[in-house]
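Chain order of the listed sequences is A and B.
Take the UniProt record's numbering: the final residue in the first sequence is number 226, and no numbers are missing along the way.
Take the UniProt record's numbering: the final residue in the second sequence is number 226, and no numbers are missing along the way.
There are 2 protein chains.
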Amino acid sequence: MVHQNIKVAVDGVVFGYKDNILSVLLIKRDIPPFQEYWALPGGLVKEEESLEAAVERELKEETNVTIDYLEQLYSFGEVGRDPRNRVISITYFGLVKPEHYTIKADTDANDVQWFDIQELPALAFDHTTIIEAAKERLKNKLTYEPIGFDLLATKFLFSDLEKLYTTILEKKIDRRNFRKKILGFGILEELDEKVSEGRGRPANLFKFNKKQYFMLKEKGFLFDIK
Amino acid sequence: MVHQNIKVAVDGVVFGYKDNILSVLLIKRDIPPFQEYWALPGGLVKEEESLEAAVERELKEETNVTIDYLEQLYSFGEVGRDPRNRVISITYFGLVKPEHYTIKADTDANDVQWFDIQELPALAFDHTTIIEAAKERLKNKLTYEPIGFDLLATKFLFSDLEKLYTTILEKKIDRRNFRKKILGFGILEELDEKVSEGRGRPANLFKFNKKQYFMLKEKGFLFDIK
DNA sequence: GCAAAAGTGTTAAACCTACACCCATGA
DNA sequence: TCATGGGTGTAGGTTTAACACTTTTGC
Numbered sequence: 001m002v003h004q005n006i007k008v009a010v011d012g013v014v015f016g017y018k019d020n021i022l023s024v025l026l027i028k029r030d031i032p033p034f035q036e037y038w039a040l041p042g043g044l045v046k047e048e049e050s051l052e053a054a055v056e057r058e059l060k061e062e063t064n065v066t067i068d069y070l071e072q073l074y075s076f077g078e079v080g081r082d083p084r085n086r087v088i089s090i091t092y093f094g095l096v097k098p099e100h101y102t103i104k105a106d107t108d109a110n111d112v113q114w115f116d117i118q119e120l121p122a123l124a125f126d127h128t129t130i131i132e133a134a135k136e137r138l139k140n141k142l143t144y145e146p147i148g149f150d151l152l153a154t155k156f157l158f159s160d161l162e163k164l165y166t167t168i169l170e171k172k173i174d175r176r177n178f179r180k181k182i183l184g185f186g187i188l189e190e191l192d193e194k195v196s197e198g199r200g201r202p203a204n205l206f207k208f209n210k211k212q213y214f215m216l217k218e219k220g221f222l223f224d225i226k
Numbered sequence: 001m002v003h004q005n006i007k008v009a010v011d012g013v014v015f016g017y018k019d020n021i022l023s024v025l026l027i028k029r030d031i032p033p034f035q036e037y038w039a040l041p042g043g044l045v046k047e048e049e050s051l052e053a054a055v056e057r058e059l060k061e062e063t064n065v066t067i068d069y070l071e072q073l074y075s076f077g078e079v080g081r082d083p084r085n086r087v088i089s090i091t092y093f094g095l096v097k098p099e100h101y102t103i104k105a106d107t108d109a110n111d112v113q114w115f116d117i118q119e120l121p122a123l124a125f126d127h128t129t130i131i132e133a134a135k136e137r138l139k140n141k142l143t144y145e146p147i148g149f150d151l152l153a154t155k156f157l158f159s160d161l162e163k164l165y166t167t168i169l170e171k172k173i174d175r176r177n178f179r180k181k182i183l184g185f186g187i188l189e190e191l192d193e194k195v196s197e198g199r200g201r202p203a204n205l206f207k208f209n210k211k212q213y214f215m216l217k218e219k220g221f222l223f224d225i226k
């Protein structure tokens, strides 16, 4: 086999959602290149681990955040993307529920932060491009797979779901039509629990019924939201 | 930087379409491992070329087929997928118009062949899995982007388009509804040319108007076929 | 004139869109 | 009682789905 010296890395774009704000998990680099810049969590793949295992390990090591949804995003391999060596990065796309949103104490909190997607700092390497691609994937996927629930608490208000769609898709949604449509899918369970946020009429809690969704999917049901 | 010895390869799943048959371009391996097995065209990325350049080069070298559409598919990196070394493969998805379908004479025709997707031989490595993934991508993409035209001749019959959809999506299509819908998009040009296939009423030729499509897309038009 | 493929319209049902008022609560 | 957010229905327009006969040609 011919000589080839290209390094293989994985990077994860992990989204969280809280208070109507979509955020990305970043770490501050403590070594060159791009020292002191914020970057996506990630690192080199070990020779004996799968790509998924690698990204899961890096996310655990660098952020200690529990990831609720993970899938491969895209591979970036332009020649100059790392100033030192040729490094290709296989990137992953992750979602975190609010239950797991907080940065745990045993990583240095100064070096791991959630950043509002609207207010990203200058990033290392081509990580801005990667986040753009992940944002696109999130927007698209939200309309044809029920992944929004992986950004919401297990029990959530209907208004939470609506606000999530409004925020991420960046467009207004008609409350009545949205509710009719989603409830019509029959994949939500209305709980016998109400939550009063202090003002206004208390709202009902809902739960995503994953089993039911997969059953319907088997039968040809398509989750689809304009 | 830590020691890491992983090789980076690219592989291409190139589809062609002729006589109602969807085919994939394969090459016969002449070295171990999997000597004499059929495999996807591909090979190691050079240190100074981009991933796209690599796959384009390999396709040119190994098959000499002109590719009309190319996009990244997925990266495969399971530890044991290559019995020799750790090799991750960044795979690409390609389409070839009938104009470019034939295998050119300056590659050894015995070693490069189009295979009916329904009758694939045993393949090297995890290439069967990769082709499955590409087939899925093709099916999905056909419904939301006008890529079918990259599998048809520049001038085509409406019935060709219909048969292409029937073949790839593996389901019947109502001729009248399909025609109404596609023509309603306004992205086809009806030519003043008829073709007689020997029997039956001669049919009109059509052309995909790519410029028009992109103009409409700018304005929010969505290509969408159930 | 017959076999073969191309071309064409209508109707009912489903779905989408727009739109505004009452309800339950806390302060 | 007022401010706040939650919950609900209807009507018009658009889109989809189902369906079959006529046209043009070669033999």
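Using N, Cα and C, we set each Cβ at its ideal position, and we do this for glycine too.
Asked, Found
"The stretch 76–91 of chain B contacting the stretch 105–119 of chain B, beta-carbon criterion three pairs below 8 Å", "no"
"Backbone CA spacing between residue 117 of chain B and residue 64 of chain A [nearest angstrom]", "44 Å"
"Inter-residue spacing [alpha-carbon to alpha-carbon] between residue 186 of chain B and residue 11 of chain B", "36 Å"
"Residue 183 of chain B, enclosing alpha helix (DSSP H) - first and last residue", "175–185"
"C-beta neighbour in chain A for residue 229 of chain B, strict 7 Å", "Absent from the model: residue 229 of chain B. The displayed extent of chain B is 1 to 226, so no value can be given."
"Cβ neighbours of residue 71 of chain B in the same chain (closer than 6 Å, five flanking residues each side left out)", "93"
"Contacting positions in the stretch 82–104 of chain B - beta carbon closer than 8 Å to chain A", "84, 85, 86, 88, 90"
"From B:207, B:28, B:179, B:182, residue whose alpha carbon lies closest to that of residue 192 of chain B", "B:207"
"Stretch-stretch touch, CB-based, cutoff 8 Å, three pairs: the stretch 16–34 of chain B with the stretch 197–205 of chain A", "no"
"Within chain B, partners of residue 51 of chain A - CB distance below 9 Å", "75, 76, 77, 78, 88"
"Residue 196 of chain B - containing alpha helix (DSSP H), residue span", "Where residue 196 of chain B is concerned, there is no enclosing alpha helix (DSSP H), given that its DSSP letter is neither H nor E."
"C-beta neighbour in chain B for residue 44 of chain A, strict 7 Å", "yes"
"Contacts of residue 136 of chain B in chain A (Cβ-Cβ under 9 Å)", "Per Cβ cutoff of 9 Å: no residues; residue 136 of chain B is ~14 Å from chain A at best."
"Beta-carbon gap between residue 88 of chain A and residue 8 of chain B smaller than 7 Å", "yes"
"At least 3 beta-carbon pairs within less than 8 Å: the stretch 99–109 of chain B vs the stretch 33–52 of chain B", "no"
"Partner residues on chain A for residue 47 of chain B, Cβ-Cβ distance less than 7 Å", "4, 5, 6, 86"
"Length of the line joining the Cα atoms of residue 162 of chain A and residue 161 of chain B", "39 Å"
"At least three beta-carbon pairs within less than 8 Å, the stretch 172–188 of chain B to the stretch 208–217 of chain B", "yes"
"Start-to-end residues for the beta strand (DSSP E) that takes in residue 75 of chain B", "69–76"
"Proximity below 7 Å, CB of residue 148 of chain B to CB of residue 157 of chain B", "no"
"With 16 other Cβ atoms within 10 Å as the buried cut-off, status of residue 144 of chain B", "exposed"
"Bridge partners - residue 9 of chain A, DSSP secondary structure assignment", "A:44, A:89"
"Where the beta strand (DSSP E) containing residue 21 of chain B begins and where it ends", "21–28"
"Chain-ordered neighbours of residue 72 of chain B on chain A, where CB pairs are closer than 7 Å", "74, 75"
"Exposure label - residue 136 of chain B; buried when at least 16 CB within 10 Å", "exposed"
"Pairwise C-alpha distance: residue 139 of chain A and residue 124 of chain A", "24 Å"
"Straight-line Cα distance separating residue 37 of chain B from residue 121 of chain B", "8 Å"
"Exposure label - residue 16 of chain A; buried when at least 16 CB within 10 Å", "buried"
"Beta-carbon proximity of residue 131 of chain A to residue 55 of chain A, cut-off 7 Å", "no"
"Spatial distance of residue 179 of chain B from residue 165 of chain B (CA atoms)", "12 Å"
"Range of the contiguous beta strand (DSSP E) that encloses residue 155 of chain A", "155–157"
"Separation of residue 152 of chain B from residue 175 of chain B, as counted between CA atoms", "18 Å"
"Enclosing alpha helix (DSSP H) for residue 55 of chain B [first to last residue]", "51–63"
"Cβ-based burial, residue 218 of chain B [other Cβ within 10 Å; buried from 16]", "exposed"
"Supposed contact pair residue 69 of chain A and residue 133 of chain A - C-beta distance, whole angstroms, cut 8 Å", "About 17 Å; that fails the 8 Å criterion."
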